[in-house]
Structures are given as structure tokens and as C-alpha cells.
Amino acid sequence: MIKKFSFLIGVLLFGLHQGQQKKEQLQKQNAELKKQIAQINTDLAKTRSESKLSIAYLTSVNQKLVLREKVYNNTQKEKRFIEDDIYLRQLEINRQNKELAVLRKNYAEVLVNAYKNKGVQNKVTFILSSKNLGEAIRRVQYLKQYSDYQDKKAAEISDAANQIKKSITQKQNSVKEKENLLLNQQKDLATINAERAQKEQLVADFKKNESKLTAELKQKQVQSKALEGQIRAIIAEEIRIAKAEEEARKKAEAEKIRLAKLAAEREKARIEAEAKARAEALERERRIAEAEAKRAAELAAKRAEEERKRNEEAARAEANARDEARKVAAKKASDEAAANAKAAADKLAAARAAEAALAKRKEEEKKAAESKAMTSYGVTTAAGSSFADNRGRLGYPADRAGQITHRFGRQPHPVFKNITEENNGIKISVPSGTRAKSVYPGSVSSVLANNDGTKTVIIKHGSYFTIYSNLGSVSVSKGQQVSSGTPVGNVAQDFDGAYTLDFQVWNGSTPVDPLGWISY
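Per our numbering, the very first residue in the sequence shown carries number 36; after that it's consecutive.
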């Protein structure tokens, strides 16, 4: 039973360890969330004097409220982990008390037995009553082990008592931690209620000024629509010019290719004629070599046959000095014929190799002539823009981090539900003094002056365009080449008092969501 209970306690303690790890993770998350809340409070303190009733301000308050609620929820979870910790600590204390009771009971029995057999006389008698020396030695060892066992049991009782004290202290610490957590949770709840009231007051202020803000917003939308018309016209003109330039380039390229091909064909014809004359000469040499090789081979065969017959005759007749001389002369003639046949065969192989090399060299010279003609006439291959290859990796369009207050596409107004906004890009609320910067190398297509006194910069990146609107001042000019990160101007205040950058990405004449392109 005790073993089963100990196993159950072991499982619960393992769960306690896991809970402790999760509790530490929650504490780390809360610390990070509180840092973000502190940063939002700092930003709000800076913009409070600048913005009257801005969506950026309301968005920051909303974001802060969301973070506060996350902290509160994490605290709730942490409280449950602490309660589990207290419960498991109590179970551990109960188990340790039971084990201590067993240890004390066993030790009491040991002490009773020791008391009954106490006295030096009894121990001496116990040893002296041994049958022999070996048994006496074993009895001495037994008495020593029995004494050590008593000491060990006393130490176990002391350790168990200390463990109980430690467990009680840990439980008390957990209780205090829970009490402190509850106090902080009450403070967090009060803060959440206060910030929720602040948000409701801010929304109420929006409602009070609904007619004025709606009029300003609609005026801004009219201006944005007019600006969009200008942007579309500029991009359409850029596309028209680029198309005309591309057609002219293609036409000029086609003419260059035509002239280059004519020059290449003439050069190929010359190479073909020279190669043909050389091939005919090589063919004549090869035929002569073939004929010589054939004659040499026939002669060598004839000489070899004569030599064979002479050898047969010499074998039948008695050899004499004259026969030997004729035999040596015949052998010499046969060897010469074989050598001539080999030389003729080698000459034929060389003639055939020369013909093959000529054919290969002819093709190589014709390709080289075509390439040289294309190069001399300036025929090139146009390279496309790599802007599209960097989708999702483009730079951030400002030199200081900001908060996105308006997203791409058709979006309902966060306060006035009867108003819908159509955004060709995103709007980023940034601190005062922030500069917009180019997200990718390109050339400045245009710098526009808007009706509300702000400026817009359009940068061309091949067939793509990036647009930076609501700039108070501009630091680039039309036709200027810019790099990634080049400042293009300072972000200006919007009609609601917030400093807002309107950033757009266009693929030709179609706006696309910038969040799919920049590394945000």
C-alpha cells in the first residue's frame, strides 16, 4: 500500500515539475508583454499632444488592452499552477509524515530491545559465550552493525523531519506567491477596466465629433482618389513609354540580327568553300594512300606466299649455300613489303583523321563566325527586373518602426461603421521625424505635389512601382537612381494629427498588398 502511495506521489511530483516549467514560461511571456505595454505607453505619451482623435491612437489603445488581457489570462493560468503546487506540496507533506511515523515506530522498537539488553556485562557475556574465536569475532561485528543501524535510523528520522520542514516552507512560499499574485491580478483587472473605460471614452469622443471627422475623412478620400488618378496616369505613361522603347528595341534588335545573320552566312560560305577545296585535296591524298596501301598489301602477300613456297622447297631439298642466300634475300624482300604495307596503312589512317578534323574545324569556325557577327552588330539579350524575385524580402519603407493602422483593400472604418475605406496600400503610423526610405533599388519616376500640401514619390523598379505618400518634404528628384534604404522624404502629419506613411506597391497598373512584399 505504501509503495502504491509513493508511486502516486512520484507521478504527482513529476506533474509538479512540469507545471513549474509552464509557470516559468508564463512568467517570461508576461514580462515580454509588459515590455510591449510599456513601449506602447511611451509612444502614446509622445503622440498624445500631436494627435487629436486619430485611428493610430485608438489602435494603440486597443493593442495595449489586448496585451493587458493576455497578461491577465496568463496570470490566471499561473494561479492555477500555484494552486496545484500547494495541493501537491500538501500531499508530499502527508506522505513524509507517514514515513516519519513508520521510522519513529521502528526506531522505538530498536530502543526497547536495546534497553532490555543494555549493559556492558550482557554484551561481554554475549561475546564470551561464543563456542570459538570465529563466532566471537562475528558476534563483535554483529554488535557493531547493530549500533550502526541504530545511528542510521536516528539519522533517517532527522533527515525526514528536515524534509518535512523544507516542504512546509515551500508550501508557505507558494501560498505567499499566490497571495501576491492575487494582489497583482486585482491591480491588473483595475488597470484593464480603466483602459477599457479610456477606450470607450475615446470612441465616445469620436462619436461626438463624428460629423467633423467624417467630413475630414471623406475629404481625405477625395484627395486620395485624385492622387490615385494621377498615379495611374503616371504609371500608364511609364508603361506606354516602356512599351514603345521595348518595341523600338526589339525592332532595332531584329535589324541587328538580320544584318548579323547575312554577315554570318557570307562568312560561313567562305569557310565552306575553303573547307571544300581542302576536303577535295585530302580526299585525293586519301585515295592515293588507299591505292598505295592496297598495292603494298598485295605485294606483301605475294612476297609472303613466295617465301612460304621457298621454305617448303627448301625443306624437301638439301640446303646449300646458294639456297640459303636466296632464302635470306626472300626474307628481306618480304619484310620490306610488310613494312611498306604498314607505312601505307598509317598514311591512310592519317588521311582519314585529317578529313574528320577538317569537318569538325569547319563547324566550329562557322559557329564562331556567327557569334562574332552577332557581337559586332551589337545583338544582346535584355535582362528582366529582379524585384519580383525579392518578394517577402524587401526592406521596410521607413527608418523607424511603426504600427499599421489601415490595411490593403476594402476595409470598414474601425469606428464609423457606415464608412468603408478602399486602400491601394497600407498606412503606417510612425513617430514624429520618421523618414520614408526606398525598399529596393530603382529610379524616381515622379515627385507629386498634393492638394493638401504633402508630396508623393513614385519609384520605378522595372515593371513594378513603389509609392510613398503623405510626405512633408522630399529628398529625391525625378530621374534619380536610388538604392535600397535611400531616404526619399520625411513623413508628415495626417488630418487627424498622427504621422502616417501611405505605402503602396504596384505590379504594372495593378496595386498589390505590400505586406506580401516587405519584411515586416
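Ideal placement from N, C-alpha and C gives every residue a C-beta, glycine not left out.
One question on the structure: do residue 507 and residue 526 come within less than 8 Å of each other, judged by their Cβ atoms? A contact, by the Cβ cut-off of 8 Å.
Thinking residue 492 and residue 474 are a contact (beta carbons under 8 Å), I'd like their distance in whole angstroms, please. Not really, about 12 Å apart at Cβ, beyond 8 Å.
Buried/exposed call for residue 257, threshold 16 Cβ in 10 Å: Exposed is the call here.
Please determine if the segment 325-343 and the segment 432-451 are in contact, where contact requires at least 3 C-beta pairs separated by less than 8 Å. No, because fewer than three Cβ pairs between the segment 325-343 and the segment 432-451 fall closer than 8 Å, the two stretches do not touch.
Please state the DSSP three-state secondary structure of residue 489. Of the three classes helix, strand and coil, the one that applies to residue 489 here is coil, per DSSP.
Where residue 210 sits in the DSSP three-state scheme: Helix, per DSSP.
Tell me which residues share the same chain as residue 129 and place their Cβ nearer than 7 Å to its Cβ, disregarding the 5 neighbours each side in the sequence. Within the same chain, residue 129 has no close Cβ partners at all.
Counting C-beta neighbours from all protein chains within 10 Å, is the total for residue 504 16 or more, i.e. buried, or is it exposed? So residue 504 counts as buried.
Are the segment 260-277 and the segment 481-497 in contact at 8 Å, needing three or more beta carbon pairs? Because the criterion of three Cβ pairs below 8 Å is met, the segment 260-277 and the segment 481-497 touch.
Per DSSP, the bridge partner or partners of residue 470: 525.
Taking Cβ positions only, does residue 401 come closer than 8 Å to chain C? The chain labelled as chain C is not found in the depicted structure, where only one protein chain is given.
How close, in whole Å, do the beta carbons of residue 579 and residue 196 come, if the pair is a contact with beta carbons under 8 Å? Residue numbering for the chain in the displayed model covers 36 to 555; residue 579 lies beyond these limits and cannot be assessed.
State the DSSP-derived secondary structure class of residue 424, mapped to helix, strand or coil. If DSSP states are grouped into helix, strand and coil, residue 424 belongs with the helices.
Quick one: Cα of residue 219 to Cα of residue 468, how far? Using only the alpha carbons, I get a separation of about 37 Å.
With a 10 Å radius around its C-beta and 16 neighbouring C-beta atoms as the bar for buried, classify residue 137 as buried or exposed. Residue 137 is exposed by the Cβ-count criterion.
For residue 120, which option in 212, 92, 188 has the closest C-alpha, if you only look at C-alpha atoms? Nearest C-alpha to residue 120: 212.
Shortest alpha-carbon distance to residue 303 belongs to which of 514, 433, 431, 400? Checked all of 514, 433, 431, 400; the closest Cα to residue 303 is 400.
I'd like to know if the segment 392-399 and the segment 306-321 are in contact, where contact means that at least 3 CB-CB pairs between them fall below 8 Å. Counting Cβ pairs under 8 Å, three or more are found: they touch.
Evaluate residue 101 with the Cβ neighbour count: other Cβ atoms within 10 Å of its Cβ, from every protein chain shown; 16 or more gives buried, anything less gives exposed. It is exposed - the Cβ of residue 101 has fewer than 16 other Cβ atoms within 10 Å.
With distances taken Cα to Cα, identify the nearest neighbour of residue 339 among 393, 67, 373, 307. Nearest option by C-alpha distance: 373.
Bridge partner(s) assigned by DSSP for residue 508: Residue 508 pairs with 525.
Tell me which residues share the same chain as residue 281 and place their Cβ nearer than 6 Å to its Cβ, disregarding the 5 neighbours each side in the sequence. Cβ within range, chain order: n/a, list empty.
Take residue 472 as the anchor and find which of 367, 536, 180, 107 has the nearest alpha-carbon. Of the listed residues, the one whose Cα sits closest to residue 472 is 536.
Beta-carbon spacing of residue 202, residue 139 below 8 Å: Result no, Cβ atoms of residue 202 and residue 139 do not sit closer than 8 Å.
Rounded straight-line distance, which links the Cα of residue 176 to that of residue 155: Since pLDDT at residue 155 reaches only 46, below the 50 mark, its modelled position is unreliable, and the value read off the structure follows with that caveat. Our two residues, residue 155 and residue 176, have alpha carbons roughly 16 Å apart in a direct line.
How far does the beta strand (DSSP E) with residue 546 in it reach, from first residue to last? Run containing residue 546: 545-547, per the beta strand (DSSP E) assignment.
Whose C-beta lies closer than 6 Å to the C-beta of residue 516 among residues of the same chain, with five residues either side of it excluded? Excluding positions up to five away in sequence, the list reads 478.
Nearest to residue 495 (by Cα), restricted to the options 221, 131, 268, 543: Looking at the Cα atoms, 543 is the closest of the given residues.
Cβ-based neighbour list, residue 521, same chain, cut-off 8 Å, excluding 5 preceding and 5 following: Answer for residue 521: 472, 473, 511, listed in chain order.
Mapping DSSP to helix, strand and coil, what is residue 514? Per DSSP, reduced to three states, the secondary structure at residue 514 is coil, with no helix or strand assignment.
State the start and end residues of the unbroken beta strand (DSSP E) segment that holds residue 439. 438-441 is the extent of the beta strand (DSSP E) around residue 439.
Grouping DSSP H, G and I as helix and E and B as strand, with all else coil, what is residue 430? DSSP places residue 430 in coil when its eight states are reduced to three.
Secondary structure of residue 534, DSSP reduced to three states: DSSP places residue 534 in strand when its eight states are reduced to three.
If you run the structure through DSSP and keep just helix, strand and coil, what is residue 375? DSSP places residue 375 in helix when its eight states are reduced to three.
Tell me, to the nearest whole angstrom, how far the beta carbon of residue 273 is from that of residue 421; I am working on the premise that it is less than 8 Å. The Cβ separation is near 18 Å, so there is no contact.
Assign residue 346 to buried or exposed, taking buried as 16 or more other Cβ atoms, counted over all protein chains shown, within 10 Å of its Cβ. Sixteen is the threshold: since fewer than 16 other Cβ atoms of the shown chains lie within 10 Å of the Cβ of residue 346, the residue is exposed.
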